[in-house]
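S.K.: Take 1150 as the starting number for the sequence shown in the working numbering and just add one per residue.
Every residue gets a Cβ at the ideal spot worked out from N, C-alpha and C, and that includes glycine.
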Amino acid sequence: MVKEKSAIFIIFGGSGDLAHRKLYPSLFRLYKSGFLKDHFAVIGTARRPWSDDYFRETVITSLKDYFDDDEDVMKEFAKHFYYQSHDVNDSEHYIALKNLAAKLDDQFDCGHNRVYYMAIAPRFFGTVAEHINSEGLKTSGYNRLVIEKPFGRDLDSACELNGNISKAFPEDDIYRIDHYLGKEMVQDIPHIRANNPTFEKAMNNKYVSNIQVTLAESLGVEDRGGYYETAGVLRDMVQNHIMQIIGAVASDEPDATDAKVIHQHKCDLFGSLKELTPEQVDKSFVRGQYDTDKLGEKKSYREEDKVASDSEIETFTAGKIEFESKRWSGVPFYVRSGKRLPDKQSRVDIVFNDKVADLGIRANTVVTLLIEQIDGQSILINGINYKDSGQDFIKFPEEAEFNHAREAYESLIIDILSGNRVHFTLWDELRSTWKYIDTIRERWDSQTPEFPNYISGTMGPDAAEMLLERDGNTWIWD
Ligand code: NAD
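#1: Is the beta carbon of T1466 closer than 7 Å to that of Y1439?
#2: Run the CB neighbour count on E1333, radius 10 Å, all protein chains shown included, and call it buried at 16 or more, exposed below.
#3: Could you tell me which uninterrupted beta strand (DSSP E) segments, each at least 3 residues in length, are contained entirely in the region 1432–1504, listed from first to last along the chain?
#4: Quick one, are the C-beta atoms of W1593 and L1304 less than 7 Å apart?
#5: Any heavy atom of the ligand NAD inside 6 Å of the beta-carbon of K1455?
#6: Let's see if you can read the secondary structure: which residues bound the beta strand (DSSP E) around R1592?
#7: Can you give me the Cβ contacts of H1280 inside the same chain, cut-off strictly under 7 Å, excluding the 5 residues immediately before and after it?
#8: Which residue from S1367, L1368, A1351 puts its Cα closest to that of I1360?
#9: Span of the beta strand (DSSP E) holding R1325?
#10: To which residues of the same chain is K1316 closer than 7 Å at the C-beta, ignoring the five residues directly before and after it?
#11: Between which two residues does the alpha helix (DSSP H) containing G1285 stretch?
#12: Please classify R1196: does DSSP put it in a helix, a strand, or coil?
#13: Count the C-beta pairs between the region 1288–1300 and the region 1318–1330 that are closer than 8 Å, then say yes if the count reaches three, no if not.
#14: On the DSSP bridge list, what partners appear for V1191?
#15: Quick check: what's the CA-CA separation for Y1535 versus D1498?
#16: Tell me the rounded alpha-carbon separation between K1124 and E1471.
#17: Answer with buried or exposed for Q1256, where buried requires no fewer than 16 other C-beta atoms within 10 angstroms of its C-beta.
#18: Using only the alpha-carbon positions, how far apart do G1396 and D1201 sit?
#19: Buried or exposed: where does Q1336 fall if 16 or more other Cβ atoms within 10 Å of its Cβ makes it buried?
#20: Does the structure place the region 1471–1484 close enough to the region 1416–1433 that three or more beta carbon pairs sit under 8 Å?
#21: Any heavy atom of the ligand NAD closer than 6 Å to the beta-carbon of V1237?
#22: Can you name the start and end residues of the beta strand (DSSP E) that M1267 belongs to?
#23: In whole angstroms, give me the CA-to-CA distance for T1207 and P1481.
So, in structure tokens, the structure goes:
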């Protein structure tokens, strides 16, 4: 049974790309499914002086890209939208925002609940959070702060940002988005483990040869060259999404339901990341940057808009991550992410060794979890063969299709409204993962890469294959 939620959303960056492409469509889905009905309002804020009517028109125009519902339904939905022009540094604007929110709370009876959503450039996160607090926007209901990525660009900047926002909001009210944690297959991984005791029994260094996480994109940086020049794939994909997927695959106690316990296990896992020396970075991590394609038709990364012609930013990385924990020590976690690869793929391949036969699983079995398929659908390929007697083992058919219809943002917004922080990242997790990533970044920054070093549409530089070959392993997706 769907239980209607009540809140006022204040969206900083309400005229931006994220708001229009992800947030408003997700809110509309929640409206259509009844999670949002009568008791909610959305205040979009941005610098431009828009009227409420104009703002509503932009929202409806965006919705039409995703839905073919009757325009009247969209108009009813848009009646809950209001616009307040706002400069993040102007205290007066926060007072205006506070008054508008109070008025709408009375009008829609929103229970004094507030969701402050940072759909704005990261450099403003701290300023906005501080003003929300200092200008007295917080209410007697709940006051939840939603922060988009990137959360810092290294450990120092992440610490500084966290210091700023935690002066204004307690950790329990901070919802740091990693949208991969909103993907249903990622959410399902702990359940798949917990509900299949033989599989779970095999999830350790006795039976697992290696685990591979691939987040591959076929597109280049498109119009995000400016952003990408400040990031690179290591910061953009590995520090957050890949690490969080590993958290779902490898944390202890997958059957835990208490958010605090789940986060503690993830923190413990990241706390056991095996530190790298600079020399180990050279051996364990590969970086690449795309060149044109085989026909010379596509732009190389250095030819993209807002990209330096001698850019040393990586658009590909592959690496071997190891943990010093009882469960995982000795098991390589090979990770890989890049742009302009042959296909879009988000997958986890769990490669078992031959000892797994002792548990009734065919030796050297590979279990593949496809996190994202075409059209947002996730499919799980069960690569496991099990004995007939293995009744407690995964009972999905060979290739079971999961009907994962809910968009990541929709699911995360429900969690925010419900106060469920399980699928958000905690500061302690970020601290450990940034520390690990910084070691790699610092080593790379001290060297000059030979870029470009892979052709668009290929699997990245050859060194990514060699990384596994040296250990006697191969990539499963190749
Ligand atoms: P955008 O540039 O499209 O939108 C930025 C918004 O901020 C606009 O509404 C703009 O008017 C507003 N803004 C800019 N300066 C302002 C100021 N001084 N005062 C008040 N408002 C101001 O950016 P975006 O792509 O929507 O990204 C927003 C945030 O979400 C960023 O932190 C980004 O890293 C993150 N993010 C975006 C995406 C995405 O798909 N677009 C994905 C993941 C994370």
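M.R.: On the basis of the coordinates in this document:
#1: As a working note, residue 1439 is residue 290 in the sequence shown. As a working note, residue 1466 is residue 317 in the sequence shown. Cβ distance not < 7 Å, so Y1439 and T1466 don't count as in contact.
#2: On the sequence shown, position 184 is the one that residue 1333 refers to. Classification for E1333: buried.
#3: 1434–1437, 1439–1442, 1465–1470, 1482–1487, 1494–1501
#4: Taking the sequence shown and counting its residues from 1, the one referred to as residue 1593 is at position 444. Taking the sequence shown and counting its residues from 1, the one referred to as residue 1304 is at position 155. Pairing W1593 with L1304 gives a Cβ-Cβ distance that is not under 7 Å.
#5: Counting from 1 along the sequence shown, the entry for residue 1455 is found at position 306. K1455: no, Cβ never under 6 Å from the ligand NAD.
#6: Counted from its first residue, the sequence shown places residue 1592 at position 443. No beta strand (DSSP E) contains R1592, which is instead part of the alpha helix (DSSP H) from 1576–1594.
#7: Residue numbering aside, residue 1280 sits at position 131 when the sequence shown is read from its first letter. Excluding positions up to five away in sequence, the list reads S1240, Y1243.
#8: Stepping through the sequence shown from its first residue, residue 1360 is reached at position 211. It is A1351.
#9: Mapped onto the sequence shown, residue 1325 falls at position 176. Looking at the DSSP string, the run of the beta strand (DSSP E) that includes R1325 is 1323–1325.
#10: The sequence position of residue 1316 within the sequence shown is 167, counting from 1. The residues are E1279.
#11: Along the sequence shown, one-based indexing puts residue 1285 at 136. Note, G1285: premise wrong, no alpha helix (DSSP H); not H, not E.
#12: Locating residue 1196 in the sequence shown gives position 47, where the first residue counts as 1. In the structure shown, R1196 sits in coil (DSSP, three-state: anything other than H, G, I, E or B).
#13: yes
#14: Residue numbering aside, residue 1191 sits at position 42 when the sequence shown is read from its first letter. According to DSSP, which records beta bridges pairwise, V1191 is partnered with F1158, F1230.
#15: Counting from one through the sequence shown, the residue named residue 1535 turns up at place 386. Counting from one through the sequence shown, the residue named residue 1498 turns up at place 349. Since pLDDT at Y1535 reaches only 45, below the 50 mark, its modelled position is unreliable, and the value read off the structure follows with that caveat. If you take the alpha carbons of Y1535 and D1498, they lie about 17 Å apart.
#16: Nothing can be reported for residue 1124, as the shown portion of the chain is limited to 1150 through 1627.
#17: On the sequence shown, position 107 is the one that residue 1256 refers to. By the neighbour-count rule (16 or more Cβ atoms within 10 Å), Q1256 is not buried but exposed.
#18: Here residue 1396 is taken as the residue at index 247 of the sequence shown, counted from 1. Here residue 1201 is taken as the residue at index 52 of the sequence shown, counted from 1. Taking the straight line joining both Cα atoms gives about 42 Å.
#19: For the purposes of this step, residue 1336 is taken as the residue at position 187 of the sequence shown. Buried, because 16 or more other Cβ atoms sit within 10 Å of the Cβ of Q1336.
#20: Counting Cβ pairs under 8 Å, three or more are found: they touch.
#21: For this step, residue 1237 is matched to residue 88 along the sequence shown. Flag set: Cβ of V1237 near the ligand NAD.
#22: As a first step, residue 1267 must be located in the sequence shown, where it is residue number 118. 1263–1267 is the extent of the beta strand (DSSP E) around M1267.
#23: Along the sequence shown, one-based indexing puts residue 1207 at 58. Along the sequence shown, one-based indexing puts residue 1481 at 332. For T1207 and P1481, the distance between alpha carbons rounds to 48 Å.
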